[in-house]
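Undergrad: These protein sequence lines map, in sequence, to chains A and B.
This note's numbering numbers the first residue of the first sequence as 42 and each following residue consecutively.
This note's numbering numbers the first residue of the second sequence as 1482 and each following residue consecutively.
Before we start, here is the structure in question, set down as structure tokens.
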Amino acid sequence: MGKLRPVHFFEAAFWLLLSSFLYIESFDFDRSIEIYKFGATAWPRTLILLMALAALGQLLFQYYAGDRPTGSLGAATDDGAQEAARKAGHSSVSWYASTFLLLAIPFLYMRAPDLVGLATTLDKQGVHLVKGITAPILLVAYLVLMRGNHVGAILALPIFFAALLEDMGFYAMAPLFIIGVTLLMGERRLQWIALTIALIMGVLLLMFVSLLYVGLPTGNLSPFYEFSNQLIILLQ
Amino acid sequence: MDAYANFINGTITLFSDPMGILIFFGGVVGGMLFGAIPGVSMLTLAAILLPFTAHLSAEHGIMLFSVIYCTGVYGGAITAILFNIPGAPENAPTAFDGYAMTKNGEAGRAVGAAVMCSAIGGTVAAVIMMLATAPIANWAISAFGPPEIFALVFFGLAVAATVGAKTLWKGWLSILVGLLIAVVGMDPVGGIERYDFNMPYLLAGIHFIPTILGFFAVSEIFIQAEKKATGSFKAPKISVDFPSLAELLAHKVAVIRSIVIGFFCGVLPGIGATLAAFMGYNEAVRWSKDKSQFGKGKLEGVISSETANNAATGAAMIPLLALGLPGGALTAMMVGVFQMHDMEPGPLVFLNSPDLVWVVFAAMFFANLSILLVGYLETKTIINLLRIPFQFLAPLILLLATVGAYAVRGLVIDVLVMFIAGAAGFFLRRSGYSLAGIVLGLILGKIGEQTFAQAMQMLHFEWLGFLDRPIASVLIAAAFLTILSSIYSAFFKKHAQ
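Structure, rendered in structure tokens:
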């Protein structure tokens, strides 16, 4: 086993599985090009092969040297991230499981109409209704799962925010997002959180909406859409 | 003498027009500010401004972008040094030592070195650019075909794999991930859709701006959040003690070497400032007597990469203006400005619009020079951003990044891609992979594949044809030598750690 640890096998397996998946998917576009005999697959398949070789090379290196960096430049990349994760026990299987559940929440929100659509046909209003019902349920699930996994919650929060942007818009969601991030970062003083919202929203809206006329997402669900448009009229 | 007279004419044209002056200073301050605000970059500003350049003259539009390019590359060093968030990929090597210096309480020295060296590198390169545009353009046209460009991309990636990641293998895996992300979308020869998973968004490929924002800005927030949650977050120490002139003079060899490297890399289309910075840094390590100090806060690391990337900005304008080939993201946006004015960059620009060319050259010269003064004053203000507690800075960075990602194409999915890249970057970074390597692979992937395909068609699919071309064969040999020596070094050399 040399200096190999289970995490090394997991890492190698990840890259080899990714290589296999990409290789299999490459058959979807395995078509010839008249003027180019290598076709559309030669380049990606070469990269996939090199990826598999690099993963095996890494495993071989880890067999001899464990986690030792290669050269002074390798050591230069150590920014304490690995150490922080190790100290906090954020490398355990349970932590990864809870984090991936948290990360799945935004994707569940986005796919909810499709999942409901398997059972019944949904019109535009139906899609909005499904999303309107799913959002609070998933929010509760998020709040339950985040207890004891603040880092996982911080990872999932921006993705959840992005997933909600299309429907609920930037203007309504951004203040809630600021509250979420500051709370997850450990801030509990309400007056400071309120001041942060006022300052950040003030700067962003003034700079991008009033001065540069950047059209930020307004959302398409009522009453978020109306709220966003009223705010834009006021600012411009 | 022609160049001198043209430069004077360009300067007079630039500063005799109030609108020109306004745009010039707007670009200088805007580039630095957006380069230096964590989470956004000069590319964000450029992307936001791109539609508005339709209302400017072609001269002003191109001049604005070239000024933003010069000062933005410098501005990106500030976030690399203070927050370990490179404003652009070309600032990534600056973070290796710059951020370590910040953690050691030497942020001021690192920023000061970046100010001085960016100004020196950029100004010298601007002078060389003015003197040598025509001969270099002629040489590049005749000497650099697709086989040479592919060979250079290959060499660049081989060099980049050795820096930035914890091990050589992780360096290569990072680059390969970037290259494979670049594969998504239409293939460059036949237009066949690849890895689109029936999603229309993926047909155009994954846009590099949300990806860069995600990998650099967002993942950094996540990493800092984890450190904060685990109690290992340490607020950077602040200082504004700039390095002395004598200290900088002691590194004159590194400055000159980086100017040469930066200019050489920058002049070649598709390579740009990123490779320049990596190579500048790599060569500094190679020639140093005390290699072990790199990555731990060595001033020479900052000097080498910052001189090289700003030297590349001047040089990158040559392929753009002479051949119509963009050297990077911002120069690619400049092609967009040209097109909005019904112009095509290329040799005809020199013939039809010499005024435009020389106003741009003069503006770039003065923009680099102004880094010294404006950069010094602005940095003194920006460095105070460090005093803001991280829990208040984090939502600001995340929301600025959101606006930046959304402003590029007006697509919410770009914001989603950015945050997914941020989460992926978080896991990759704490496993020792190189985010800069991924981004380099992403940027060079398309041009690498395209030039490879063109080269193979040119060489009638004869692999040995590369060996008939001296520049291509030297570059390919150098790439293989780099790969083999790094593998040998990884397995057989004893290391300090």
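C-beta: ideal position from N, C-alpha, C; glycine also.
Measuring straight from C-alpha to C-alpha, what distance separates ALA1797/B and TYR105/A?
TA: In the second sequence, residue 1797/B corresponds to position 316, counting from 1. In the first sequence, residue 105/A corresponds to position 64, counting from 1. Cα to Cα, the separation comes out at about 43 Å.
Undergrad: Any beta carbon of chain B sitting closer than 8 Å to that of PHE70/A?
TA: Position 29 of the first sequence, counting from 1, holds the residue named residue 70/A. Yes, PHE70/A lies at the interface with chain B (some Cβ there is under 8 Å from its Cβ).
Undergrad: If you reduce the DSSP assignment to three classes, tell me which class TYR1676/B lands in.
TA: What you label residue 1676/B is simply residue 195 of the second sequence in a count that begins at 1. DSSP places TYR1676/B in coil when its eight states are reduced to three.
Undergrad: Going by CA-CA distance only, name the one from THR1492/B, LEU1780/B, VAL1748/B, ILE1662/B that's closest to ALA1803/B.
TA: As a first step, residue 1803/B must be located in the second sequence, where it is residue number 322. Of THR1492/B, LEU1780/B, VAL1748/B, ILE1662/B, the residue nearest in Cα terms is VAL1748/B.
Undergrad: For chain B, is any of its Cβ atoms less than 8 Å away from the one on TYR150/A?
TA: Translated into the one-based positions of the first sequence, residue 150/A becomes position 109. Chain B, which has no Cβ nearer than 8 Å to the Cβ of TYR150/A, makes this no.
Undergrad: For LYS44/A, count neighbouring Cβ atoms within 10 angstroms of its own Cβ and tell me buried if that reaches 16, exposed if not.
TA: In the first sequence, residue 44/A corresponds to position 3, counting from 1. With fewer than 16 other Cβ atoms within 10 Å, it is exposed.
Undergrad: Using a Cβ-Cβ cutoff of 7 Å, what residues of the region 1590-1611 of chain B are near chain A? List them in chain order.
TA: If the cut-off is 7 Å between Cβ atoms, the region 1590-1611 of chain B has nothing near chain A.
Undergrad: So ALA203/A contacts chain B; which residues on that side make the cut at Cβ distance below 8 Å?
TA: Against the first sequence, residue 203/A aligns to sequence position 162. Neighbours of ALA203/A on chain B, chain order: THR1883, VAL1893, VAL1896, LEU1897, MET1899, PHE1900.
Undergrad: Report buried or exposed for ILE1787/B, applying the criterion of at least 16 other Cβ atoms within 10 angstroms of its Cβ.
TA: Locating residue 1787/B in the second sequence gives position 306, counting from the first residue. It should be pointed out that residue 1787/B corresponds to Glu in this sequence rather than to Ile. Buried.
Undergrad: Find the residues of chain B that neighbour ILE65/A, judging by a C-beta separation of less than 7 Å, and give them in chain order.
TA: In the first sequence, the residue the question calls residue 65/A occupies position 24. Those within 7 Å of ILE65/A in chain B number zero; the least Cβ separation is about 11 Å.
Undergrad: How many angstroms separate the CA atom of ALA116/A from the CA atom of ARG1767/B?
TA: By one-based count along the first sequence, residue 116/A stands at place 75. By one-based count along the second sequence, residue 1767/B stands at place 286. With a pLDDT of 47 at ALA116/A, under the threshold of 50, the predicted position of this residue should be treated as unreliable, and no value is reported.
Undergrad: Along the chain, where does the alpha helix (DSSP H) containing THR1794/B start, and where does it finish?
TA: Here residue 1794/B is taken as the residue at index 313 of the second sequence, counted from 1. Taken as a continuous stretch (DSSP letters only), the alpha helix (DSSP H) holding THR1794/B covers 1780-1799.
Undergrad: Would you kindly work out how many angstroms separate the C-alpha atoms of ALA1971/B and THR1648/B, rounded to a whole number?
TA: Within the second sequence, residue 1971/B is the residue found at index 490, counting from 1. Within the second sequence, residue 1648/B is the residue found at index 167, counting from 1. Cα to Cα, the separation comes out at about 8 Å.
Undergrad: Give the interface partners of THR306/A over in chain B, defined as CB-CB distance under 9 Å, in chain order.
TA: Outside the modelled stretch of chain A, which goes from 42 to 277, sits residue 306/A, for which no answer is possible.
Undergrad: Please name the residue or residues paired with GLY1666/B in a DSSP beta bridge.
TA: Reading the second sequence from its first residue, position 185 is the one you call residue 1666/B. Bridge partners of GLY1666/B: ARG1675/B.
Undergrad: Measuring straight from C-alpha to C-alpha, what distance separates ARG72/A and VAL1664/B?
TA: For the purposes of this step, residue 72/A is taken as residue 31 along the first sequence, with counting starting at 1. For the purposes of this step, residue 1664/B is taken as residue 183 along the second sequence, with counting starting at 1. Taking the straight line from one Cα to the other gives about 15 Å.
Undergrad: Given that a residue counts as buried once 16 or more other Cβ atoms are within 10 Å of its Cβ, and exposed if not, what is LEU114/A?
TA: Taking the first residue of the first sequence as 1, we reach residue 114/A at position 73. For LEU114/A, the pLDDT reaches just 49, beneath the cut-off of 50, and the residue's location in the model is therefore unreliable, although a value from the coordinates is still provided. By the neighbour-count rule (16 or more Cβ atoms within 10 Å), LEU114/A is buried.
Undergrad: Starting from LEU253/A, find everything on chain B with Cβ-Cβ shorter than 7 Å and list it in chain order.
TA: Stepping through the first sequence from its first residue, residue 253/A is reached at position 212. The answer, in chain order, is ILE1529.
Undergrad: At what residues does the alpha helix (DSSP H) containing TYR77/A begin and finish?
TA: By one-based count along the first sequence, residue 77/A stands at place 36. Where TYR77/A is concerned, there is no enclosing alpha helix (DSSP H), given that its DSSP letter is neither H nor E.
Undergrad: Measuring CA to CA, which of ILE238/A, SER139/A, LEU246/A, VAL171/A is closest to MET187/A?
TA: Start at 1 with the first residue of the first sequence, and residue 187/A comes out as number 146. Among ILE238/A, SER139/A, LEU246/A, VAL171/A, the Cα nearest to that of MET187/A is on SER139/A.
Undergrad: Do TRP56/A and the ligand ADP come close, with the Cβ less than 7 Å from some heavy atom?
TA: What this structure holds is no ligand at all, so the ligand ADP is not there to describe.
Undergrad: Check each residue of the region 213-227 of chain A: if its Cβ is closer than 8 Å to any Cβ of chain B, include it; give the result in chain order.
TA: Cβ contacts with chain B come from ALA215, PHE218, ILE219, VAL222, THR223, LEU225, MET226, GLY227.
Undergrad: Determine, using beta carbons only, whether PHE1933/B comes closer than 8 Å to chain A.
TA: Within the second sequence, residue 1933/B is the residue found at index 452, counting from 1. So, interface residue.
Undergrad: Excluding the five sequence neighbours on either side, which residues of its own chain have a C-beta within less than 7 Å of the C-beta of VAL1736/B, listed in chain order?
TA: By one-based count along the second sequence, residue 1736/B stands at place 255. Excluding sequence neighbours, VAL1736/B sits near CYS1598, ILE1601, ILE1784, THR1788.
Undergrad: Is there a C-beta anywhere in chain B that falls below 8 Å from the one on VAL192/A?
TA: Counting from 1 along the first sequence, the entry for residue 192/A is found at position 151. By this cut-off, VAL192/A is an interface position.
Undergrad: Please determine, among VAL1884/B, GLU1859/B, ILE1964/B, TRP1839/B, the residue with the shortest C-alpha to C-alpha distance to ALA1486/B.
TA: Residue 1486/B sits at position 5 when you count from the first residue of the second sequence. Checked all of VAL1884/B, GLU1859/B, ILE1964/B, TRP1839/B; the closest Cα to ALA1486/B is TRP1839/B.
Undergrad: List, in chain order, every chain A residue whose beta-carbon is nearer than 7 Å to that of LYS1709/B.
TA: The residue labelled residue 1709/B in the question sits at position 228 within the second sequence. MET226, GLY227, listed in chain order.
Undergrad: Taking 8 Å as the CB-CB cut-off, is ALA1904/B touching chain A?
TA: Along the second sequence, one-based indexing puts residue 1904/B at 423. Yes - at least one Cβ of chain A is within 8 Å of the one on ALA1904/B.
Undergrad: Should the region 1924-1944 of chain B be regarded as contacting the region 234-252 of chain A, the criterion being three or more beta carbon pairs within less than 8 Å?
TA: With a cut-off of 8 Å, the region 234-252 of chain A and the region 1924-1944 of chain B do not count as touching, because too few Cβ pairs lie within range.
Undergrad: Which residue from ALA1960/B, LEU1837/B, GLU1764/B, TYR1580/B puts its Cα closest to that of LYS1777/B?
TA: Position 296 of the second sequence holds residue 1777/B. For the residues ALA1960/B, LEU1837/B, GLU1764/B, TYR1580/B, the minimum Cα distance to LYS1777/B belongs to TYR1580/B.
Undergrad: For ALA239/A, collect the residues of the same chain with a Cβ closer than 6 Å to its Cβ; drop the 5 residues on either side in sequence, then sort them by chain order.
TA: Indexing the first sequence from 1 puts residue 239/A at position 198. Hits under 6 Å: none found.
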